[in-house]
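Participant: I have a structure here, written as structure tokens, and I will follow up with some questions on it.
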Amino acid sequence: ENGIPIDFISGTSMGAVVGAARAIGTDLDHLSRLLSCLDINELLQVSDSTIREVQKAIGRGLIEYVRGSDWHANESFPQDLARIYELFSLLTANKDFSDTVIPFAAVAADLETGDRVVLTRGKLYKAVAASAAVPGTFSPVEHQGRYLIDGGVIDKVPASVTIDMGAEVVIAVDTGAPLTRSVNTTLDSLLQSQRITSHELTRLQMEHAHQRVDGRLILLHPKVDWITMLAFKHVTEAIAAGKEEVYDHINEIKKLCGLP
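By the numbering used here, the letter at position 40 of the sequence shown is numbered 405, and the numbering carries on one by one without gaps.
What follows is the structure, encoded as structure tokens:
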């Protein structure tokens, strides 16, 4: 709508899901309709109550949830990842990285070493599944002898990956939840300390990326922290929040891109 070119895309977790779909040329309106129509319960073959429990877990922190519940993810989700692959194969049209019309990279983390792993080859669905494999909820994805999990563990806003791909201007998006003002228990303190660590890591990574492109980077914060990872029914609200954040900063974005 504003003539801003997109030359490279990188994404972590749900950012990898949406990024991969955009990279193969999927119409975003079509993607929105597809996501809103998905029956995540049927696709993953779990009960409504289990899906609600997982959504709560992701929404308020897995450690907090596991500490306060008798539910165990590995008892409810298929360990062979077949259904997860089916979901992401559907969203990426079963295409390869070589089929993308915009160069794309998905970011995951090596469960054993903690290394960041940038995926740019092979089937998109497997890379996306690895990037979105939330620890404690979905099984790690084996890739070339490594076990990969959600890239948000190490790099939730992979601006530097996009710069490595060749980007000179970066529009980065952080959908993470802000720090809470309500810290009343020992567990609250533990969870808040984890959030602080995550925020500080992201801040340092953004600072480094900002320097690499001589300041030509903007970090957007759409207000979507209330939407959980599996809540596809809220895709319309998520898109609206993203648009609102973009238009709040559209003049700054255009200036970075050298547009009037």
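Cβ coordinates follow ideal geometry from the N, Cα and C atoms, glycine included. Computed from a predicted structure; not experimentally measured.
Please return the same chain residues whose Cβ sits closer than 6 Å to the Cβ of residue 619, not counting the five positions on each side in sequence.
Facilitator: So no residue of the chain qualifies.
Participant: Could you give the distance in angstroms between the alpha-carbon of residue 569 and the alpha-carbon of residue 512?
Facilitator: Rounded to whole angstroms, residue 569 to residue 512 spans 26 Å at the Cα level.
Participant: Based on DSSP bridge pairs, tell me the residues matched to residue 582.
Facilitator: BP columns for residue 582 point to 535.
Participant: Classify residue 466: buried if its beta carbon has 16 or more other beta carbons within 10 angstroms, exposed otherwise.
Facilitator: Counting Cβ neighbours within 10 Å, residue 466 comes out exposed, since fewer than 16 surround it.
Participant: Can you give, in chain order, each stretch of the beta strand (DSSP E) that sits fully within the region 596 to 621 and has at least 3 residues?
Facilitator: Listed in chain order, there is nothing to give.
Participant: Please return the same chain residues whose Cβ sits closer than 7 Å to the Cβ of residue 505, not counting the five positions on each side in sequence.
Facilitator: Taken in chain order, the residues that qualify are 476, 498, 512, 513 and 514.
Participant: Do residue 470 and residue 493 have their C-beta atoms closer together than 8 Å?
Facilitator: No, the pair does not count as a contact, with Cβ atoms beyond the cut-off.
Participant: Pull up the distance between the alpha-carbon of residue 518 and that of residue 624, whole angstroms please.
Facilitator: Looking at the two C-alpha atoms, the distance is approximately 35 Å.
Participant: State the CB to CB distance for the pair residue 600 and residue 456, rounded to an integer number of angstroms; the pair is presumed to be in contact (CB under 8 Å).
Facilitator: Their Cβ separation, rounded to whole angstroms, is 12 Å, which puts residue 600 and residue 456 out of contact at 8 Å.
Participant: State whether the region 574 to 592 contacts the region 559 to 566, with contact taken as three or more CB pairs (one from each stretch) at a distance under 8 Å.
Facilitator: Taking 8 Å as the limit for Cβ pairs, the verdict is that the region 559 to 566 does not touch the region 574 to 592.
Participant: With a cut-off of 8 Å, do at least 3 Cβ pairs link the region 531 to 550 to the region 479 to 490?
Facilitator: As far as the Cβ criterion goes, the region 531 to 550 does not touch the region 479 to 490, which means the pair count is below three.
Participant: Please name the residue or residues paired with residue 377 in a DSSP beta bridge.
Facilitator: DSSP lists 472 as partners of residue 377.
Participant: Rounding to the nearest angstrom, what Cα-Cα distance links residue 375 and residue 461 in this structure?
Facilitator: Approximately 15 Å, taken between the alpha carbons.
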